[in-house]
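Novice: Pasting a structure here, questions to come.
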């Protein structure tokens, strides 16, 4: 069975750099998404398509790469390759301390970039997961559907599926309402904390009605929600 190409997110405010990396990485068989700032990066990371590696520029307007890396590490294990035009050893040290997996100074050779990317993906065993097995159900990201043991599709809305996907990919972790909003829709969508509570309540009911345990999605007081079920990669 052919495995899906690893998905790479390039976060850089330089239009030429983003375009160049897209061409180089696409030629190598990777699926590439682009973000000009950390806000756009969060929207990509919160979508139903998982990211296998983030290439992150340090020097960006607004929230810089170091701050974003540190915050991302608090919630996700996605590998990060940091790049920077500043040839300072302190950048490399701080970058690795904040959670980056590797550091590459600009300008860099294309072959060196590709080699670093492939090395990081090998270390992490990164392949894009399309299906998860959760509580006897299949969560299929490509179809954006949840299927029971008979293959019947649960009647989830797009928003409910996005919430479930977010919880599944971070199973066992407490996710705040802010994180759920940022990763599923983004703050620009005018979604507020209470809307998340309502959507979680509706999602919970549909899952329980379908056969999920009643405590599959737990409420963590004054903190958020977590998925309290084991998650495996489905065949």
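Residue numbers (the working numbering): 255 to 489. C-beta: ideal position from N, C-alpha, C; glycine also.
#1: So, under 8 Å CB-CB, residue 262 and residue 309 are touching, yes? Tell me the CB distance rounded to an integer number of Å.
#2: Closest by CA to residue 265, which one among 280, 322, 284, 283?
#3: Where are the beta strand (DSSP E) runs, 3 residues long or more, that stay fully inside the region 276 to 360, in chain order?
#4: With distances taken from CA atoms, which of 435, 473, 452 is nearest residue 428?
#5: Please report how far the alpha carbon of residue 441 lies from the alpha carbon of residue 430, in whole angstroms.
#6: Determine, using beta carbons only, whether residue 433 and residue 329 come nearer to each other than 8 Å.
#7: Using the three-state DSSP reduction, which class does residue 429 fall into: helix, strand or coil?
#8: Who are the Cβ neighbours of residue 275 in its own chain at under 6 Å, not counting the five residues just before and after it?
#9: If distances are taken between C-alpha atoms only, which option among 415, 317, 324 comes closest to residue 450?
#10: Over what stretch of residues does the alpha helix (DSSP H) that includes residue 474 continue unbroken?
#11: Taking a contact to mean a Cβ-Cβ separation below 8 Å, would you say residue 483 touches residue 389 in this structure?
#12: From this set, 301, 296, 338, which residue's C-alpha is nearest residue 417's C-alpha?
#13: Run through DSSP, which three-state label would residue 391 get?
#14: How many angstroms separate the CA atom of residue 462 from the CA atom of residue 281?
#15: Taking the beta strand (DSSP E) that residue 401 belongs to, which residues open and close that run?
#16: Pick out whichever of 327, 424, 477, 411 has its Cα sitting closest to the Cα of residue 460.
#17: For the ligand PLP, is there any heavy atom lying closer than 7 Å to the beta carbon of residue 427?
#18: Would you kindly report the start and end of the unbroken beta strand (DSSP E) that includes residue 478?
#19: Taking the straight line between their C-alpha atoms, what separation do you get for residue 408 and residue 364?
#20: Is residue 425 near residue 485, with beta carbons less than 8 Å apart?
#21: Once DSSP output is grouped into helix, strand and coil, what is the label at residue 417?
#22: Ordered along the chain, which non-local residues of its own chain (more than five positions away) have a Cβ less than 8 Å from that of residue 369?
#23: Look at the alpha carbon of residue 353 and the alpha carbon of residue 393, and state the distance between them as a whole number of angstroms.
#24: Between the beta-carbon of residue 335 and the beta-carbon of residue 358, is there less than 8 Å?
Specialist: Taking the coordinates as given:
#1: 6 Å
#2: 322
#3: 285 to 289, 307 to 311, 334 to 338, 356 to 359
#4: 473
#5: In this prediction, residue 441 scores a pLDDT of 38, lower than 50, which makes its location untrustworthy; no coordinate-derived value is stated.
#6: yes
#7: strand
#8: 264
#9: 415
#10: Looking at the DSSP string, residue 474 is not in any alpha helix (DSSP H); the run it does join, the beta strand (DSSP E), is 471 to 474.
#11: yes
#12: 301
#13: strand
#14: 45 Å
#15: 399 to 401
#16: 411
#17: Ligands are entirely absent from the displayed structure, and the ligand PLP is therefore not among its contents.
#18: 478 to 481
#19: 45 Å
#20: yes
#21: helix
#22: none
#23: 29 Å
#24: yes
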